[in-house]
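A short write-up of the structure that comes next.
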Amino acid sequence: MPKRVKCPYCGYSMPIFYYERSVCRGIKLKCKGRKCGKEFEIKIKDGDQIK
Ligand SMILES: [Zn+2]
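Counting in numbering that gives the first Met the number 0, the sequence shown runs from 0 upward without gaps.
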């Protein structure tokens, strides 16, 4: 089952999915949460999002 990327600031679930074996760093995006809108980097290691 894929997991969804969450904003580390407000916890909003972004419409971006990752899988058990995903590795990710260096990609920045802006939170779509209504009152948040902060930029954060997606860091995924061993299938878990780290902050
Ligand atoms: Zn947010």
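We put the beta carbon where it would ideally sit given N, CA and C, even for glycine.
These numbers come from a predicted model, not from an experiment.
In the structure shown, glutamate 40 falls within a strand segment according to DSSP collapsed to helix, strand and coil. Chain order is used for the residues whose beta-carbon lies nearer than 5 Å to a heavy atom of ligand 1, namely Cys6, Tyr8, Cys9, Tyr11, Cys30, Gly32 and Cys35. Valine 4 carries a strand assignment under DSSP once its states are collapsed to helix, strand and coil. For the pair aspartate 47 and arginine 24, the Cα-to-Cα distance works out to about 12 Å. From the listed residues Ile49, Ile26 and Glu19, the smallest Cα separation to lysine 2 is found for Glu19.
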